[in-house]
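Heads up: the sequence shown at position 171 corresponds to 347 in this note's numbering, and the numbers run straight through without jumps.
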Amino acid sequence: MINAQSKPKHSFSERKPVLTVVIIELLLLLAVFAAGAIATIKQLDYTSPVLISFTPIAIVLMIYLTLRRKWGETGFRSLRSIPAGHAKYYIPLLLVLGTLALKGFGELSLSRVAFFVFFTLLVAFVEETIYRGLIFKILLRKSAVAAVVTSSILFSITHLLNALSGQHMTDTIMQLIYALLLGAALALLMLKNGNIVPLILFHFIHNLIQFLGNDLEDTGTLPYDLFILAVLIAYCAWLVWSIRTNSSIPSKGSEQANTVVH
177 MINAQSKPKH
187 SFSERKPVLT
197 VVIIELLLLL
207 AVFAAGAIAT
217 IKQLDYTSPV
227 LISFTPIAIV
237 LMIYLTLRRK
247 WGETGFRSLR
257 SIPAGHAKYY
267 IPLLLVLGTL
277 ALKGFGELSL
287 SRVAFFVFFT
297 LLVAFVEETI
307 YRGLIFKILL
317 RKSAVAAVVT
327 SSILFSITHL
337 LNALSGQHMT
347 DTIMQLIYAL
357 LLGAALALLM
367 LKNGNIVPLI
377 LFHFIHNLIQ
387 FLGNDLEDTG
397 TLPYDLFILA
407 VLIAYCAWLV
417 WSIRTNSSIP
427 SKGSEQANTV
437 VH
């Protein structure tokens with residue numbers, strides 16, 4: 177006998193959002209750990225673990241988003257979808273990029289620049305799609321706070337992998353705090369405007385400046401780093417205030433739109 181009032185089917189991520197996020201994070205870490213082991217055995221350079229792990233991940237993400245038609249739902253939409261009055265919320269990101277650029281740049285060559293353009297664009301696409309796209313969207317079904325806080329913490333934890341490559345513990349702790357604040361700011365922007373494209377562009381340029389920048393001593397970068405941390409703290413506070421002031425409950429858009437607060 178056919179049940180005329182059959183219940184609508186829900187995806188695994190809808191039924192088990194927390195477990196889905198845990199699985200995504202574990203798979204990402206496993207891929208990076210495995211790539212790191214391969215790079216160590218074969219004595220490859222420091223960019224190899226990311227290239228080995230992120231390249232297939234990027235391909236899988238593009239196939240998944242295309243076949244499931246989830247590009248728009250994940251935040252890949254025209255920049256014109258961002259309200260004109262919200263352009264000001266991206267200004268602090270330009271301040272961060274400008275501060276990083278003040279450190280100067282090392283010796284540049286066409287091959288070096290071309291390689292790091294590809295490398296940093298790959299990292300930006302994968303990390304933003306996973307943390308501010310998939311994970312953020314999954315947890316948004318529980319609450320905006322859960323989406324922002326959890327995605328930011330997981331983004332920060334991922335940078336613990338740098339400690340395994342021999343990075344000094346003080347530098348790792350500073351990077352964890354930096355990644356947490358930066359992740360929170362980008363997640364709040366995602367909540368505010370629902371568009372992941374500016375976040376990928378920022379992440380790409382941010383990392384490109386860092387990789388092409390001067391290798392200054394720790395004491396030389398500390399003033400810049402502390403200033404950026406202060407900017408990010410104030411930035412997060414501003415975004416939280418703006419979101420809470422304009423709407424305590426985010427409005428729901430169409431099937432192809434993320435939550436946007438106007």
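Glycine included, every Cβ here is placed at the ideal spot set by N, Cα and C.
| Inter-residue CB distance, I404 and T296 (contact presumed, cutoff 8 Å) | Here residue 404 is taken as the residue at index 228 of the sequence shown, counted from 1. Here residue 296 is taken as the residue at index 120 of the sequence shown, counted from 1. That pair is no contact at about 18 Å.
| query | From what residue to what residue does the alpha helix (DSSP H) around P259 run? | reply | Against the sequence shown, residue 259 aligns to sequence position 83. Counting along the chain, P259 falls outside any alpha helix (DSSP H), and DSSP gives it neither H nor E.
| request: Entirely within the stretch 259-312 and at least 4 residues each: give me those alpha helix (DSSP H) ranges in chain order. | output: Entirely contained in the stretch 259-312, the alpha helix (DSSP H) runs reaching 4 residues are, in chain order, 267-277 and 286-303.
| said: Within 10 Å of its beta-carbon, does S187 have 16 or more other beta-carbons around it, so buried, or fewer, so exposed? | reply: Sequence index remark: in the sequence shown, residue 187 carries index 11 (1-based). Looking at its Cβ environment, which holds fewer than 16 other Cβ atoms inside 10 Å, S187 is exposed.
| request: Please report the Cβ distance between G359 and S332, rounded to the nearest whole angstrom; I am assuming they are in contact, meaning their Cβ atoms lie under 8 Å. | output: As a first step, residue 359 is located in the sequence shown; it is residue number 183 there, counting from the start. As a first step, residue 332 is located in the sequence shown; it is residue number 156 there, counting from the start. So it is a contact: roughly 6 Å between Cβ atoms.
| query | So with Cβ pairs under 8 Å, would you call Y222 a contact of chain D? | reply | In the structure shown, chain D cannot be found, because there is only a single protein chain.
| request: Determine the contact status of A361 and L315, defining contact as a CB-CB distance below 8 Å. | output: In the sequence shown, counting from the first residue as 1, residue 361 sits at position 185. In the sequence shown, counting from the first residue as 1, residue 315 sits at position 139. Cβ atoms of A361 and L315: not closer than 8 Å.
| said: When you compare the CB positions of K279 and G370, do they come within less than 8 Å of one another, or not? | reply: Position 103 of the sequence shown holds residue 279. Position 194 of the sequence shown holds residue 370. Not a contact, by the Cβ cut-off of 8 Å.
| field | Residues near I496 by beta carbon distance below 7 Å, same chain, minus five either side | value | Because the chain here runs from 177 to 438, residue 496 falls outside it and cannot be looked at.
| N-terminal and C-terminal residue of the alpha helix (DSSP H) that T346 is part of | As a position in the sequence shown, residue 346 is number 170, starting the count at 1. Here the alpha helix (DSSP H) through T346 covers M345 to N369.
| Taking the C-alpha atoms as reference points, what is the distance between V416 and V321? | Your numbering for residue 416 matches position 240 in the sequence shown. Your numbering for residue 321 matches position 145 in the sequence shown. Rounded to whole angstroms, V416 to V321 spans 10 Å at the Cα level.
| query | Within the chosen definition, does the stretch 283-298 reach the stretch 377-387 through at least 3 CB pairs nearer than 8 Å? | reply | By the Cβ criterion, the stretch 283-298 is in contact with the stretch 377-387, since at least three pairs of Cβ atoms, one from each stretch, lie closer than 8 Å.
| Rounded Cβ spacing between I353 and F252 (contact assumed at less than 8 Å) | As a first step, residue 353 is located in the sequence shown; it is residue number 177 there, counting from the start. As a first step, residue 252 is located in the sequence shown; it is residue number 76 there, counting from the start. The pair is not a contact, with the Cβ atoms about 29 Å apart (cut-off 8 Å).
| task | With a 10 Å radius around its C-beta and 16 neighbouring C-beta atoms as the bar for buried, classify P399 as buried or exposed. | result | Walking along the sequence shown from the start, residue 399 turns up at place 223. Classification of P399: exposed, given that the 10 Å Cβ count is below 16.
| message | Give me the residue from F291, I258, A263 and A410 with the minimum Cα distance to L357. | response | As a first step, residue 357 must be located in the sequence shown, where it is residue number 181. Selected option, being the one with the closest Cα: A410.
| Does the stretch 254-268 touch the stretch 185-203, meaning 3 or more C-beta pairs lie closer than 8 Å? | Note that the stretch 185-203 does not touch the stretch 254-268; fewer than 3 beta-carbon pairs, one per stretch, sit closer than 8 Å.
| query | Excluding five sequence neighbours on each side, which residues of the same chain lie with their C-beta closer than 7 Å to the C-beta of E304? | reply | The count along the sequence shown starts at 1 and reaches residue 304 at position 128. Here E304 has I372, L375, I376 and H379 as same chain residues with Cβ atoms under 7 Å from its own Cβ, once five neighbours each way along the sequence are excluded.
| field | Residue range of the alpha helix (DSSP H) that includes R191 | value | The count along the sequence shown starts at 1 and reaches residue 191 at position 15. In the DSSP annotation of this structure, the continuous segment of the alpha helix (DSSP H) that includes R191 starts and ends at F188 to R191.
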